[in-house]
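There are 2 protein chains.
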Amino acid sequence: MATFPLPPGSTIGILGGGQLGRMLALAAARLGFDTAVLDPEPDSPAGRVAALQVTAGYDDEDGLRRLAERCEAITFEFENVPAAALERLVALGAEVAPGPRALAFTQDRVAEKRFVREVGAETVEFQPVDGLEDLISGLARLGTPALLKTRREGYDGKGQAWVRDRADAAAAWDSIGGRPAVLEARADFVRELSVIAARGRDGAVACYPAGENRHAGGVLRTTLAPAPDAGAVQPAAEAVARRVLEGLEYVGVLGLELFELADGRLLVNEIAPRVHNTGHWTQDGCACDQFEQHVRAVAGWPLGPTRALVPVEMENLLGPEVERWPGIAADPSARLHLYGKGEPRPGRKMGHVNRLRPPA
Amino acid sequence: MATFPLPPGSTIGILGGGQLGRMLALAAARLGFDTAVLDPEPDSPAGRVAALQVTAGYDDEDGLRRLAERCEAITFEFENVPAAALERLVALGAEVAPGPRALAFTQDRVAEKRFVREVGAETVEFQPVDGLEDLISGLARLGTPALLKTRREGYDGKGQAWVRDRADAAAAWDSIGGRPAVLEARADFVRELSVIAARGRDGAVACYPAGENRHAGGVLRTTLAPAPDAGAVQPAAEAVARRVLEGLEYVGVLGLELFELADGRLLVNEIAPRVHNTGHWTQDGCACDQFEQHVRAVAGWPLGPTRALVPVEMENLLGPEVERWPGIAADPSARLHLYGKGEPRPGRKMGHVNRLRPPA
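Chains C and Z are the protein sequences, given in the same order. The numbering used here numbers the first residue of the first sequence as 106 and each following residue consecutively. The numbering used here numbers the first residue of the second sequence as 106 and each following residue consecutively.
So this is what it looks like as structure tokens:
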């Protein structure tokens, strides 16, 4: 059994070897930890900076066992890891954080929204959709346009379709594969904010200043943090984050996507139970970034400071945009972060750049 | 043949798998590079965060060949790598930076001091010592006490002996093993400064603000940077660094240890042709730290900014001092860096802490 706080030299396991796992592994190494990454693909971005990569599927009993035996604590880099994998790791005696409870709520958009409302926070109006009839009745109740999303496994705009009117319903239902879904009323928001927040094993909560996000085609393009003029909503955003973290008995970092309405109310759009793309600005804007914060929480260390030292604009480098690296490298106000991925397929997250802004 | 600047995805080789190699590998990973580490010990601190560790001696032909074949550029983490290893890598077609020329000058304390004087900078008075007679004549010329150092392979106070008077000479000569040496006059300095400086493949030079260093028992304990009241000597320190970098046709980061005299003159005490312990403060005090800077230079990228964003006091954690990690982890002004080493033997560099100071 691991005892917390984990001493340096312990090994932290990461399910998933993409860029989030890579940046977690780099942060863990700075604190003197080893990492072991489980990923189905050999030589994953995270595996290439880890002490060990276990190349296995998330349902591979032998791979999960190897990870559990090697690691004093295990976390994951994305929420579409099968819940069964976490449960198996727990059964093998592993210390998994965030725990299966957080994953269960956040893997199902309906369960997530119900949970958010139960802890006293707001969401858009929504309706579960198990068939075309539900969709049609939902459109009547929520109005159009409305957004149809699969209950599970969507991210970066995948598994989503706008339904403009009732005549659209069947096509939209088909386009998401006719899978269990949720229909969401259109939120009349003025901007999208996100808050990166953490809860330690001791129950302490820490929130970074909210960032303002811009998307294109369902994919995040930029985060500006701290969000301009967010002073008024920061306390409300932190209060929501605290209720969510405590309600999930959460350990680790999560990303909370929020819609800010014209009257200042905040709706929770999505909970990502992991380090989050909208928190990458913390790498160059804060003393302790979201990756170190997550490692601290998972390892049972005290949480680190979350104050913004300098305003940052984070921009994702998607697909061939990564070819702009020479110009970014030559810009003294730009901090470049690349993920060690090969093929720059269109839309693929290849890296990001944090631009340090003069303080306001 | 590699062409510069190296694109992300290239592999950078590092001779030596200790903490400096580890922090270089982490910086390289942030920029999207892979690293390959050659070290005689398996599972070295750097090897555990590298895509590949070649476990081989520095004189192992097969190991050097594997490194040369895998890497687009190769560097080293400490200056006691055999010059023959670098020459062999160059012969194998590898792009090695810094080059063998820099190593040749800095591996021999006499050649180094002569070089420093040739480029127009100052050193303490010194005399080469090849035997007891040289030592005795040197003491007569330079006065006592004087410092006897082996010409090669000393670091952290090893291979050094103070000679208090002529009666001490034979014992001092024996204590350093009767090897070729240099006798240095005592410098009547007010403090020790160091400057971390870099030169790119394009010849550009960049210097960080000087730091003020405190040693105990020949080992660095703290660096305070920017050094208090160093504004007056910074231009002179930068001028010396530039002459040294250009004289060595240097590519990469080096550490220049300086004695500041009461009249403001600077003597060059030592040139370390590598990232340097007195530059660790840059990790939390600057946007681009010395490790990223070195990777940029080696990869033929533009050098990064060197301005201090916040004053930092760096403290080394030696041997069992690393057990203080829980208190350091709980201090929001302290940034902890641990090296992933096992046994905390007395005096062993296990990690360091950067304390962020309020701006002066």
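Think of the CB as a built atom: it goes at the ideal place given N, C-alpha and C, for glycine as much as any other residue.
Practice problem: Go through the region 247-330 of chain Z residue by residue and report every complete run of the alpha helix (DSSP H) that reaches 4 residues or more, in order. | Solution: 274-280
Quiz item: Comparing alpha-carbon positions, which option in C/Trp386, C/Asp148, C/Glu258 lies nearest C/Ala315?
Solution: C/Trp386
Self-check item: Cβ of C/Pro463 within 8 Å of any chain Z Cβ
Solution: no
Quiz item: Using a beta-carbon distance below 8 Å, is Z/Trp430 in contact with chain C?
Solution: yes
Quiz item: In angstroms, rounded to a whole number, what distance separates the CA positions of C/Met455 and C/Ala377?
Solution: 20 Å
Self-check item: Where C/Pro416 falls: helix, strand or coil (DSSP)
Solution: coil
Quiz prompt | C-beta neighbour in chain Z for C/His385, strict 8 Å | solution = no
Practice problem: Alpha carbon to alpha carbon, how far is Z/Glu223 from Z/Asn318? Give it in angstroms, no decimals. | Solution: 26 Å
Quiz prompt | Three-state class that DSSP yields for Z/Lys454 in the structure shown | solution = strand
Practice problem: Keeping to the same chain, check which residues put their C-beta closer than 6 Å to that of Z/Glu343; ignore five residues upstream and five downstream. | Solution: Cys312
Quiz item: When the distance is taken between beta carbons, is Z/Ala161 closer than 8 Å to Z/Ala141?
Solution: no
Quiz item: Taking the alpha helix (DSSP H) that Z/Ala178 falls in, what are its first and last residues?
Solution: Z/Ala178 -> not in any alpha helix (DSSP H); beta strand (DSSP E) instead, spanning 178-181.
Quiz item: Can you tell me the Cα-Cα spacing of Z/Ala272 and C/Arg153, whole angstroms?
Solution: 58 Å
Quiz item: Can C/Ile117 and C/Ala178 be called in contact, C-beta distance under 8 Å?
Solution: yes
Quiz item: What do you get for C/Arg326, buried or exposed, if any count of 16 or more other CB atoms within 10 angstroms of its CB means buried?
Solution: exposed
Practice problem: Measure from the C-beta of C/His399 to each C-beta in chain Z and report whether the shortest distance is under 8 Å. | Solution: no
Quiz prompt | According to DSSP, residues forming a beta bridge with Z/Asn421 | solution = Z/His457
Quiz item: Is the CB-CB distance between Z/Ala477 and Z/Leu240 below 8 Å?
Solution: Outside the shown range of chain Z (106 to 465) lies residue 477 of chain Z, about which nothing can therefore be said.
Self-check item: 8 Å Cβ cutoff, C/His457 in contact with chain Z
Solution: no
Quiz item: Of all the beta strand (DSSP E) runs that stay within the bounds of the region 350-387 of chain Z, which reach a length of 3 or more residues?
Solution: 357-366, 371-377
Practice problem: Using the DSSP secondary-structure output, state which residues sit across from Z/Ile241 in a beta bridge. | Solution: DSSP lists no partner for Z/Ile241.
Quiz item: Which value, in whole angstroms, describes the spacing of the CA atoms of C/Leu288 and C/Phe364?
Solution: 17 Å
Quiz item: Which stretch, first to last residue, makes up the alpha helix (DSSP H) that contains C/Leu129?
Solution: 124-135
Quiz item: Taking a cut of 7 Å between CB atoms, which residues from the region 193-205 of chain C lie near chain Z?
Solution: none
Exercise. Going by DSSP, name the residue or residues bridged to Z/Gln232.
Key: Z/Leu288
Quiz item: Which class does C/Glu527 belong to by DSSP, given the choice of helix, strand or coil?
Solution: Given a span of 106 to 465 for chain C in the structure shown, any question on residue 527 of chain C remains unanswerable.
Practice problem: Indicate whether at least one CB of chain Z lies closer than 8 Å to the CB of C/Leu443. | Solution: yes
Quiz item: Which residues, in order along the region 265-283 of chain Z, keep a beta-carbon less than 8 Å from a beta-carbon of chain C?
Solution: none
Quiz prompt | Separation of C/Val324 from Z/Gln398, as counted between CA atoms | solution = 32 Å
Quiz item: Are the C-beta atoms of Z/Ala226 and some chain C residue less than 8 Å apart?
Solution: no
Quiz prompt | Partners in chain Z for C/Asp239, counting only beta-carbon separations shorter than 9 Å | solution = Going along chain Z, no residue has its Cβ under 9 Å from C/Asp239, so there is no contact; the nearest lies around 46 Å.
Practice problem: Quick one: list the residues of chain Z neighbouring C/Pro416, beta-carbon separation under 8 Å, in chain order. | Solution: Chain Z residues near C/Pro416: none, gap ~13 Å exceeds 8 Å.
Exercise. State the Cα-Cα distance for the pair C/Arg257 and C/Arg214, rounded to the nearest angstrom.
Key: 7 Å
Quiz item: When the Cα of Z/Val400 is compared with those of Z/Ala151, Z/Ala202, Z/Arg453, which residue comes out closest?
Solution: Z/Ala202
Practice problem: For Z/Ser242, count neighbouring C-beta atoms within 10 Å of its own C-beta (all shown protein chains included) and say buried if the count is 16 or more, exposed if not. | Solution: exposed
Quiz prompt | Cβ pair Z/Glu420, Z/Val358 closer than 8 Å | solution = no
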